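Under this note's numbering, the residues of the sequence shown are numbered 11 to 445, in order.
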Amino acid sequence: MSTERISIAFLGVDDRSKSAYRLFFESIKQIRYEIVDDYRDAQLCLVDKDSYKIKTQYAELIKGDSRQYVLSTSIIEHVCAHSKEFYLQKPIKKELLQEKLIKISRLIINLNDENIKSSIIDKNKKAVDKISVMLKKNQSAAAETSKDNSTAKGIDNVISIDTTRKAATSNAGKLLKIKNEECYVGERPDVDANNPEQLKAIFYSPDMLMQGIVEIACQKSKETGKIIQLDIFNHTFYFDHSEQKVYASAERSVIHPLCVMRHENEATYSVKHLNFKDELHTILNKNRNDTAIKSLEDLTTNMDSFKWIVSLWCSRGRIPQGIDVTQPVYLRQWPNLTRLEVIPHSVQIAALLYENPRTLIDIANQLSIEQRYVFAFFSACKSITLSDISRREVDKLFMYEQQAEVRNKSILSKLLGRLAGSSDKSLLKKALNNL
11 MSTERISIAF
21 LGVDDRSKSA
31 YRLFFESIKQ
41 IRYEIVDDYR
51 DAQLCLVDKD
61 SYKIKTQYAE
71 LIKGDSRQYV
81 LSTSIIEHVC
91 AHSKEFYLQK
101 PIKKELLQEK
111 LIKISRLIIN
121 LNDENIKSSI
131 IDKNKKAVDK
141 ISVMLKKNQS
151 AAAETSKDNS
161 TAKGIDNVIS
171 IDTTRKAATS
181 NAGKLLKIKN
191 EECYVGERPD
201 VDANNPEQLK
211 AIFYSPDMLM
221 QGIVEIACQK
231 SKETGKIIQL
241 DIFNHTFYFD
251 HSEQKVYASA
261 ERSVIHPLCV
271 MRHENEATYS
281 VKHLNFKDEL
291 HTILNKNRND
301 TAIKSLEDLT
311 TNMDSFKWIV
321 SLWCSRGRIP
331 QGIDVTQPVY
341 LRQWPNLTRL
351 EVIPHSVQIA
361 ALLYENPRTL
371 IDIANQLSIE
381 QRYVFAFFSA
391 CKSITLSDIS
401 RREVDKLFMY
411 EQQAEVRNKS
421 ILSKLLGRLA
431 GSSDKSLLKK
441 ALNNL
């Protein structure tokens, strides 16, 4: 089954969740999945039933191609519409998701284990037949040549077999790429940790970039307990620490360029009054070029998600200045990758780092991936206080195990212990002289 491809499309699934699903698909070795844009062209459609305005599309999907399989996910109980629809309840357990995917894939391919064996035998038989035909052709050609030229040497009919080592499909997850990847992790080559000149290239200064400006706005909102308005290059953002939200009419295509340039005194901050949130909807839509009215929810981003993506765009595979690459770093808690922008190898890096503190260089070496992926992930985690180089509270909770003292001490040992604790040092000296 590993040679088969199953086409999958998403319906009602947001971009961040799509990235998480893609990473999960890469981890399933039994099947190779291909993501397609149009759900009508897919063999399997993965549906988020909790998505906004999904009813119409779902109804069309169910009434559509009878050969298409559907995997619906929802927080609430869902009754499948037909025999080719399957259901998983949220939060999704990855073991159950993998089980469902493999089951559906087997149905799509219409192969059970016996079919797989017979298929392999058929393929081998066809290969043998093909080689036999080629051998016969070569033998015939050799016979014709020998007739024309009796002095000609015999033709070598041995077919050479390509023994070149093929790329291991088990590492497919490590080869995963995303669109415009260089915008998130850069394109810098690995560096030698022992070479000071090379190390200079892996650092950046968040304070001089959009990341530092955003952090100031978040901090001001936290200190004042009010919404902070940030104005920069004719673009306005509103930060609400109490709600952990960022409001903006600017699209990602506008925010990204702001993250790749240095800023010096271009940003201004202002504190808004308590009832300002009531005016936000009107203000944000007025600032948009699009004539279509968007709800306040559509113009809202989770604060951590906003800081995370800004950090990725600013760092581009580097780490903040002041980080010692020789010191282990930690992960305070598992990042919510369904809400955050996922970069290649995020899950593997998080799993290794959450297990035990490690140096950034060591993580890249252990996972056999390029350093820039680790640097980008660490910088993004650090921007939302999920990682750093200081010890975690859990590391301080338990003391290192020390060798237990032997309970049954000899009388001499006990005596010397008492004398050692005595203020009269002459007694200890006298006891030692008498040994």
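Every residue gets a Cβ at the ideal spot worked out from N, C-alpha and C, and that includes glycine.
A quick note: this is a predicted structure, and the numbers were derived from the prediction, not measured.
Next item on the list: Check Ile15 in the structure and name its three-state DSSP category.
Entry: Here the sequence assigns Arg to residue 15, which means Ile is not the residue at that position. If DSSP states are grouped into helix, strand and coil, Arg15 belongs with the strands.
Notebook entry, point to check: The beta strand (DSSP E) spanning Tyr97 covers which residue range?
Noted result: Glu95 to Gln99
Notebook entry, point to check: Quick one: Cα of Arg42 to Cα of Phe243, how far?
Noted result: Whole-angstrom Cα-Cα distance: 45 Å.
Notebook entry, point to check: Any chance the segment 360–370 sits against the segment 280–287, with 3 or more Cβ pairs inside 8 Å?
Noted result: no
Checklist line | Best match in Lys65, Ile38, Ser280 and Gly332 for proximity to Asp217 [C-alpha to C-alpha] | finding: Gly332
Note to self: Less than 8 Å between C-beta atoms, sequence neighbours within five positions excluded: which residues of the same chain meet that for Ser397?
What the structure shows: Val339, Tyr340, Leu341, Arg342, Leu363, Phe388 and Cys391
Note to self: If the criterion is Cβ atoms closer than 8 Å, does the pair Leu71 and Ile18 meet it?
What the structure shows: no
Check: Does DSSP put Gln337 in a helix, in a strand, or in coil?
Finding: coil
Item checked: Start-to-end residues for the alpha helix (DSSP H) that takes in Phe249 -> Run containing Phe249: none in the alpha helix (DSSP H); it sits in the beta strand (DSSP E), His245 to Asp250.
Check: Excluding the five sequence neighbours on either side, which residues of its own chain have a C-beta within less than 6 Å of the C-beta of Leu442, listed in chain order?
Finding: Summary for Leu442: the model assigns pLDDT 49, below 50, so the residue's position carries little reliability; its value from the coordinates is reported in the next sentence. Same-chain partners within the cutoff: there are none.
Note to self: So, under 8 Å CB-CB, Tyr194 and Ala386 are touching, yes? Tell me the CB distance rounded to an integer number of Å.
What the structure shows: Cβ atoms of Tyr194 and Ala386 come within 8 Å of each other, at about 6 Å.
Check: Considering only residues of the same chain and omitting the five flanking positions on each side of Phe35, which have a CB-CB separation below 6 Å?
Finding: Tyr43
Note to self: Using only the alpha-carbon positions, how far apart do Asn120 and Gln53 sit?
What the structure shows: 12 Å
Check: In whole angstroms, what is the alpha-carbon distance linking Val270 and Val320?
Finding: 10 Å
Next item on the list: Along the beta strand (DSSP E) that carries Leu54, what are the first and last residues, could you check?
Entry: That run of the beta strand (DSSP E) goes Leu54 to Asp58.
Next item on the list: Can you check DSSP and say which residues form a bridge with Leu240?
Entry: Phe247 and Tyr279
Checklist line | Nearest-angstrom Cα separation, counted from His266 out to Asp250 | finding: 21 Å
Item checked: Outcome for Glu415 when other beta-carbon atoms lying within 10 angstroms are tallied against a minimum of 16 -> Residue placement at Glu415 is flagged as unreliable, the pLDDT there being 44, under the threshold of 50; the coordinate-derived value follows with that caveat. Counting Cβ neighbours within 10 Å, Glu415 comes out exposed, since fewer than 16 surround it.
Check: Leaving out the 5 sequence neighbours to the left and right, which residues in its chain are closer than 6 Å to Ile399 when beta-carbon positions are compared?
Finding: Gln337 and Val339
Next item on the list: List the DSSP bridge partners of Asp398.
Entry: Tyr340
Margin query: Which residue wins for smallest C-alpha separation from Tyr49, given the options Ile38, Leu33, Ser29 and Val23?
Written below: Val23
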